[in-house]
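Taken in order, the sequence shown gives residues 216 to 755; the numbers are from my numbering. Every residue gets a Cβ at the ideal spot worked out from N, C-alpha and C, and that includes glycine.
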Amino acid sequence: MSKWFFAIDRGGTFTDVIGIDPSNKLHKLKLLSESLLYEDSVIEGIRRLLKLNSNQKIPSDQIDRIRIGTTIATNALLERKGAKTALLITKGFRDLLEIGNQSRPRLFDLSIQKPEKLFKEVYEIDERLDSEGNIIHDLNEKKLLQDLKKLKDKEIDSVAIVLMHSWKNAVHEERCYDIAKSQGFSNISISSKVIPLIKIVGRGQTTVVDSYLYPILHKYILSIEDELGKIPVEFMQSSGGLTDSLSLNGKDAIMSGPAGGVIGAAKIGNLNKIDDIIGFDMGGTSTDISKYSGEFEKVVEVQAGGIEFQASSLDVKTIAAGGGSLLWFDGSKLQVGPESAGSNPGPVCYGLGGKLALTDANLILNRINPDYFPSVFGPNQDQKLDRKSAENEFKKLKEIINTKTSSSFSIEELALGFIDIANEKMSNAIKEISVSRGYDIRKYGLICFGGASPQHSCGIAKILGIKKIIIHPLASLQSAYGIANAEQFRYGIQSFVSPLNKDSLIEASQICRRIKLDYILELENLGIDSENIRSDYLID
216 MSKWFFAIDR
226 GGTFTDVIGI
236 DPSNKLHKLK
246 LLSESLLYED
256 SVIEGIRRLL
266 KLNSNQKIPS
276 DQIDRIRIGT
286 TIATNALLER
296 KGAKTALLIT
306 KGFRDLLEIG
316 NQSRPRLFDL
326 SIQKPEKLFK
336 EVYEIDERLD
346 SEGNIIHDLN
356 EKKLLQDLKK
366 LKDKEIDSVA
376 IVLMHSWKNA
386 VHEERCYDIA
396 KSQGFSNISI
406 SSKVIPLIKI
416 VGRGQTTVVD
426 SYLYPILHKY
436 ILSIEDELGK
446 IPVEFMQSSG
456 GLTDSLSLNG
466 KDAIMSGPAG
476 GVIGAAKIGN
486 LNKIDDIIGF
496 DMGGTSTDIS
506 KYSGEFEKVV
516 EVQAGGIEFQ
526 ASSLDVKTIA
536 AGGGSLLWFD
546 GSKLQVGPES
556 AGSNPGPVCY
566 GLGGKLALTD
576 ANLILNRINP
586 DYFPSVFGPN
596 QDQKLDRKSA
606 ENEFKKLKEI
616 INTKTSSSFS
626 IEELALGFID
636 IANEKMSNAI
646 KEISVSRGYD
656 IRKYGLICFG
666 GASPQHSCGI
676 AKILGIKKII
686 IHPLASLQSA
696 YGIANAEQFR
706 YGIQSFVSPL
716 NKDSLIEASQ
726 ICRRIKLDYI
736 LELENLGIDS
746 ENIRSDYLID
């Protein structure tokens with residue numbers, strides 16, 4: 216390799232950077248994802264490894280390519296900071312996506328709080344197809360134009376078009392797209408292109424998610440490319456595969472970072488000749504759990520931020536437990552999370568006036584040695600972890616707890632109690648993807664990665680009866696390591712309704728072959744030889 220290669224995971228708390236220089240030497244860096252000292256952690260990480268100052272342009276002639284996993288789309292969905300979106304749906308179905316499939320996660324809860332809608336406006340499209348895709352009622356273009364003009368006045372950024380039976384015949388959706396384009400809307404998602412599947416609720420939610428997230432994602436991609444110029448940039452998808460910036464969309468970027476971790480865990484398992492592994496990725500904000508037994512487990516239904524939608528994703532179980540999970544006392548018992556201190560202000564020991572978190576508990580118990588941690592803390596990001604401040608806050612909490620419960624806990628006993636609670640939470644999440652599905656977890660190896668997992672690995676292995684723990688030298692940057700080892704990936708999906716027989720299987724194969732032609736061409740345009748492209752057909 217005559218140029219630099221970078222693999223970067225921009226997480227919720229930290230950004231992990233792996234760089235391989237022209238002499239094939241590996242360089243690594245961990246920095247805060249959000250900081251007042253720089254605009255973007257990805258660009259800052261590259262600058263630091265190349266030893267550039269903030270005013271210098273990143274030299275495109277020195278870098279071969281850059282791979283990025285990002286939580287931009289995830290955070291926008293969780294925090295409801297996506298684009299101002301309008302939903303256009305077939306007349307008579309304006310409330311359909313709000314009604315959803317009427318599932319109740321907490322059946323006996325008397326106070327149901329529905330997740331906040333992603334779309335700000337909803338307009339009905341006067342049209343109708345039957346279930347075979349035949350036109351029953353022509354598209355009323357005059358009314359559509361009037362509605363689009365109203366949306367323009369309301370400064371809508373993004374439009375999601377979801378029409379009944381459009382998976383069978385996209386004629387009306389495509390016409391709506393053309394008309395919306397003519398009215399100046401630049402970000403338009405139509406369900407027949409986003410995910411042409413039967414059942415309008417899932418197809419509709421997915422289209423809205425895509426429309427809601429893409430402008431945020433696109434803005435970030437443009438800002439990155441503005442800094443990087445003509446350097447080839449690849450982005451990690453939820454599916455565990457890479458794609459170029461033009462092909463990346465909102466719905467496929469939700470699990471971008473965690474997918475990199477799963478790829479990295481599988482790679483490390485293979486290197487250690489362990490066939491069955493549990494990936495345990497504990498970062499600053501959350502913990503991601505995955506299982507690998509020779510092949511990646513995938514799902515087509517994803518839930519994030521209370522919204523269920525359809526996308527090809529590696530099967531990752533995420534829980535709100537990380538190094539930044541807040542430690543608190545509810546008046547009768549200790550609690551861990553689900554709120555997180557984030558990267559700014561972060562835990563108390565970050566020296567930015569934050570609140571007590573799991574990282575502080577591990578520091579109190581000497582499970583973290585400040586001398587081996589990067590000096591990126593304090594107001595100027597040049598200090599070590601502040602153990603003294605963490606101890607002082609624990610002493611204050613100790614006084615409250617001991618007074619309320621008539622106890623005599625030490626700060627070390629309280630720290631250990633909080634850690635035990637977090638370990639039980641994470642162990643239960645591992646059981647959900649293993650024991651509850653009939654797998655004997657004791658035969659698996661626990662691949663620990665993320666900045667916080669090695670501090671908790673032994674406690675969790677003890678609870679689960681796991682005998683093998685693997686902590687790779689790049690464990691704290693393993694998502695970036697996985698991104699470095701990932702491959703280009705494209706997928707297409709199509710509903711096909713037919714009795715199951717020999718003829719239908721032949722027709723399904725023809726549909727698959729037709730879908731893959733465009734993707735093969737796309738990959739070949741990236742310089743990938745057709746002999747190195749493999750494809751799989753899956754019937755679900």
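Cβ-Cβ distance between Ala667 and Gly498 below 8 Å:
Taking the C-beta atoms as reference points, Gly498 is found nearer than 8 Å to Ala667.
Residues in the same chain with beta-carbon distance under 6 Å from Ile258, minus the five sequence neighbours each way, listed in chain order, please.
Contacts found: Glu442.
DSSP state of Ile743 mapped onto helix, strand, coil
When DSSP states are grouped into helix, strand and coil, Ile743 belongs to the coil group.
If you pair each beta-carbon of the stretch 290-310 with each one of the stretch 429-436, do three or more pairs fall below 8 Å?
Contact holds between the stretch 290-310 and the stretch 429-436, because three or more Cβ pairs, one in each stretch, are under 8 Å apart.
Using DSSP with H/G/I as helix, E/B as strand and the rest coil, what is Gly484?
Of the three classes helix, strand and coil, the one that applies to Gly484 here is helix, per DSSP.
Do Leu549 and Pro562 have their C-beta atoms within less than 8 Å of each other?
No, the Cβ-Cβ distance between Leu549 and Pro562 is not below 8 Å.
Thinking C-beta only, is Ile278 closer than 8 Å to Trp219?
In this structure, Ile278 lies closer than 8 Å to Trp219 by Cβ.
Compare the C-alpha of Leu580 against each of His671, Ser438, Val551 and name the closest.
In this structure, His671 is the residue among His671, Ser438, Val551 with its C-alpha nearest to the C-alpha of Leu580.
One question on the structure: do Leu247 and Phe229 come within less than 8 Å of each other, judged by their Cβ atoms?
The Cβ atoms of Leu247 and Phe229 lie closer than 8 Å to each other.
Go ahead and label Gly465 buried or exposed: buried means 16 or more other beta carbons lie within 10 angstroms of its beta carbon, across all protein chains shown.
Flag for Gly465 reads buried.
Leaving out five residues before and five after Ile489 in sequence, what residues of the same chain have Cβ atoms less than 6 Å from its Cβ?
Cβ neighbours of Ile489 beyond the five flanking positions: Gly660.
Closest residue to Val423 among Tyr752, Arg582, Glu722, Leu312 (Cα-Cα distance):
Selected option, being the one with the closest Cα: Leu312.
Please give me, in chain order, every unbroken run of the alpha helix (DSSP H) with length at least 4 that falls completely inside the stretch 606-678.
With a minimum length of 4 residues, the continuous alpha helix (DSSP H) runs that stay inside the stretch 606-678 are 626-647.
Report the start-end ranges of each beta strand (DSSP E) in the stretch 415-461 that is 3 residues or longer and not cut off at the edges.
Segments of the beta strand (DSSP E) lying fully in the stretch 415-461: 448-451, 457-459.
Indicate whether Phe334 and Thr300 have their beta-carbon atoms separated by less than 8 Å.
Cβ atoms of Phe334 and Thr300: closer than 8 Å.
Quick one: using the 10 Å Cβ neighbour count with 16 as the cut-off for buried, is Ser745 buried or exposed?
When all chains shown are included, Ser745 counts as exposed.
According to DSSP, simplified to helix, strand and coil, what is Arg756?
Here the chain covers residues 216 to 755 and nothing more, so residue 756 does not appear.
Assuming Gly539 and Thr500 make a contact with CB atoms under 8 Å, what is their CB distance in whole Å?
Correct: roughly 6 Å between the Cβ atoms.
Is it buried or exposed for Ile327, if we count other Cβ within 10 angstroms and need 16 for buried?
Burial call: exposed.
Specify the secondary structure class of Ser406 as computed by DSSP and reduced to three states.
For Ser406, the three-state secondary structure derived from DSSP is helix.
With 16 other Cβ atoms within 10 Å as the buried cut-off, status of Gln361
Answer is exposed; the Cβ neighbour count stays below 16.
When DSSP labels each residue in this structure, what does Val337 get in the three-state scheme?
Three-state result, Val337: strand.
Under a three-way DSSP split, which group does Thr500 fall into?
Correct three-state label for Thr500: coil.
Please identify the residue among Ile636, Pro669, Ile684, Tyr338 whose C-alpha is closest to the C-alpha of Ile656.
Answer by Cα proximity: Ile684.
In three-state DSSP terms, what is Gly284?
Reduced to three states, the DSSP call for Gly284 is strand.
Please state if the CB of Ile504 and the CB of Lys482 are separated by a distance shorter than 8 Å.
8 Å or more divides the Cβ of Lys482 from the Cβ of Ile504.
Using 8 Å for Cβ pairs, my map puts Lys245 next to Asp255. What's the rounded Cβ distance?
Contact annotation, Lys245 with Asp255: C-beta distance approximately 16 Å; criterion of less than 8 Å not satisfied.
Runs of alpha helix (DSSP H) lying entirely within the stretch 352-401, each at least 4 residues, in chain order
The alpha helix (DSSP H) runs of length 4 or more contained entirely in the stretch 352-401 are, from start to end of the chain, 356-368, 386-397.
Could you check if Phe633 is buried or exposed, using at least 16 other CB atoms within 10 Å of its CB as the buried criterion?
Around the C-beta of Phe633, 16 or more other C-beta atoms lie within 10 Å, and the residue is accordingly described as buried.
C-beta contact flag for Ala385 and Ser404 at 8 Å:
Taking 8 Å as the Cβ cut-off, Ala385 and Ser404 do not qualify as a contacting pair.
Cβ-based neighbour list, His352, same chain, cut-off 8 Å, excluding 5 preceding and 5 following:
Around His352: Asp341, Glu342, Arg343.
Around the Cβ of Tyr752, are there at least 16 other Cβ atoms within 10 angstroms (buried) or fewer (exposed)?
Using a 10 angstroms sphere on the CB of Tyr752, the tally of other CB atoms stays under 16, which defines it as exposed.
Can you give the Cα-Cα distance for Gly226 and Ala699, rounded to whole angstroms?
Cα to Cα, Gly226 sits roughly 16 Å from Ala699.
Is there a Cβ from chain B that is less than 8 Å from the Cβ of Val712?
Annotation note: the requested chain B is absent from the structure, which comprises a single protein chain.
With DSSP run on the structure shown, which of helix, strand or coil describes Lys506?
Collapsing the DSSP output to three states places Lys506 in a strand.
Could you give the residue range of the alpha helix (DSSP H) that holds Gly227?
Gly227: not part of any alpha helix (DSSP H); DSSP gives it neither H nor E.
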